[in-house]
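Working notes, beginning with the structure itself.
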Amino acid sequence: MKALTLIFIEILQAIVVIALAPAFAGWVDVLKCWTQGRTSAGVMQPYRNIAKLFVKDVVIADNASWIFRFTPYLVFGSAVVVGSVVPIISMNLFLAPSADIIVVIAIFATARFFMALAGMDIGTAFGGMGASREMMVASLTEPAILMAIFTVSLAGRSTSLLHIARAFASGALVLRPSIVFAGIAFVLVVIAETGRIPVDNPSTHLELTMIHEAMILEYSGRHLALIEWGAMIRFFLFVTLGIACFLPWGIAVTDNAGDIATSVFLMVIKLGIAGAVLVLIETGLAKMRLFRLTEFLGAAFLMATLGVIAFFILE
Amino acid sequence: MNLQVLAQVNSFLAALVLLTAFAMLSQRKINSLVTLFAWQGLFLSINTAVVGFVASKHHLYISSLLTLSIKVILLPYILHVLVVRLKIRKEVETIVNIPTTMLIGIALVIFSYHLTAPVREMSTLITRSTLAVALATVMIGLLMMITRKHAVTQIIGFLAMENGLFFAATSATYGMPLVVELGVALDVLIAAFIFGIFFFHISTTFDSLSVEQMESLREDN
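Protein sequences appear in the order of chains B and U.
Using the numbering used here, the letters of the first sequence correspond one by one to residues 2 to 316.
Using the numbering used here, the letters of the second sequence correspond one by one to residues 109 to 329.
Shown next as structure tokens:
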């Protein structure tokens, strides 16, 4: 019976992640429209986009290999796997003990690797350019995110997400310089990893500046729908990963329905606030030159490293 | 407020001082450098007041106020006037690129942590853990003087070093005697004036404040 409840919670969380991710992306778009004085298309617009793409035909280039066809499913599938491992609505997850936080980052990296391969697979100039840029960004963000995560796991005394979230949720709110540094680094990394503004512009279709868009330029129909949906889930997951590591208060500890409902409610509020913060950062900044990215992500790495150092020096 | 919380506030402020030191290291614009220097002074001043409260050493309140008036208000003002008068608008040139400088900075922090380890073992003060941060701030100030070509940024580096020394004195021994601190504060102030006068002479002689220009003064042999 106990195992059955856990499996039920697990499935519930996966559904919540898959279903709510487009709404979160839509919410961020709506806020962005407000800050820029434009009329928004509403929170539901990403759902309509995905539905539209699913009914359209798929056009594939003649020289596309199996990688090109396989990648959309891998991107979507890996995002769902991560979504069932991160403690989002409950701290008792059936699958969570199978993967710690380093595995989560590795799964994201695998999806990114295949995405870059698929970008180069067709052999168009933009795909290759997007892939090479994406890999450059990845090589700079991954050290930073791992350092930020090491800081959090030092403080939580484990690399398991459940342990970290429990340690933070039970501990009293203390001023810990290391966690603050790691938190700032994490925000910078999330901006870079999910292709938000100083690094990449999610709404651009100007060939010379795009990174993520350039890689998926050749996709159409349900493939594109899966990739876009996967990207939304990835964005959603990075934010919830941040919440699980840095602000885990309110995630349900017990299995009863009331707690889980409260937990979902709190999650929606936290996501709403996190989206607003991200939009404020995005609106306040202009897109950076590609070669200035080393400095931006270098700063993220520095913050994360200072977090680790501060843990040893000051705590 | 109990001692534990105050100790945490103290180490948090130390972390902020270190953060501003790194921010100065990575900053290209000279106006932002001056602002960051003022922020560092502010954190230092609050930290001194907190240490003064914890140790109930009342002369630390006076040096906190001194730091506030000189390093947060007066020196940034003088530097700002200098920047405006000398019409410095260009971005600061660096000798080593900024990501490398930051990595060297991290190495310096680890080095100073090891260097201060014996002192940390001996000391019983609650501020002992911030000594490593203070030493790191001194070294980052020095690194800034080495890696920047512009005379004004070198002076900011020098003043940041002085901030670090002041911080070290506070965290190692709860501050120097008040007479010494008054003297140092006055010295720094006078130094800033002298630097200002020198800058005007350098810029009228060389049409530039880049210290590389001064290499032409060398005698050929």
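In this text, a Cβ means the ideal position worked out from N, Cα and C, and glycines have one as well.
Predicted model only: the values in this text are computed from it and were never measured.
Would you mind telling me which residues of chain B sit closer than 7 Å to residue i, beta carbon to beta carbon, in chain order?
i: U:P207; result: T295, E296 and G299
i: U:M210; result: G299 and L303
i: U:V217; result: I310
Starting from the beta carbon of residue i, find every residue of chain U whose beta carbon is closer than 7 Å, and list them in chain order.
i: B:T111; result: Here the premise fails: no neighbours, minimum Cβ distance about 27 Å.
i: B:P178; result: S119, F120 and A123
i: B:T306; result: I214
Does the CB of residue i have a neighbour CB from chain B at under 8 Å?
i: U:L126; result: yes
i: U:S316; result: no
i: U:S134; result: yes
Any beta carbon from chain U within less than 8 Å of residue i's own beta carbon?
i: B:T72; result: no
Which chain B residues sit within Cβ distance under 8 Å of residue i?
i: U:Y221; result: I310, F313 and I314
i: U:F130; result: L303 and L307
What are the partner residues of residue i, as DSSP defines its beta bridges?
i: U:H258; result: U:S318
i: B:A253; result: B:S91
i: U:T202; result: U:R256
Taking 8 Å as the CB-CB limit, is residue i close to chain D?
i: U:A163; result: Absent from the structure is chain D; the protein chains it does hold are B and U.
Taking beta-carbon pairs under 8 Å, can you tell me which members of the stretch 234-260 of chain U lie near chain B?
S237, T238, A240 and V241
Problem - Runs of alpha helix (DSSP H) lying entirely within the stretch 34-121 of chain B, each at least 4 residues, in chain order - result: 46-56 and 67-84
Report the start-end ranges of each alpha helix (DSSP H) in the stretch 214-254 of chain U that is 4 residues or longer and not cut off at the edges. 225-230
At 4 residues or longer, what runs of the alpha helix (DSSP H) sit wholly inside the stretch 238-290 of chain B? 258-285
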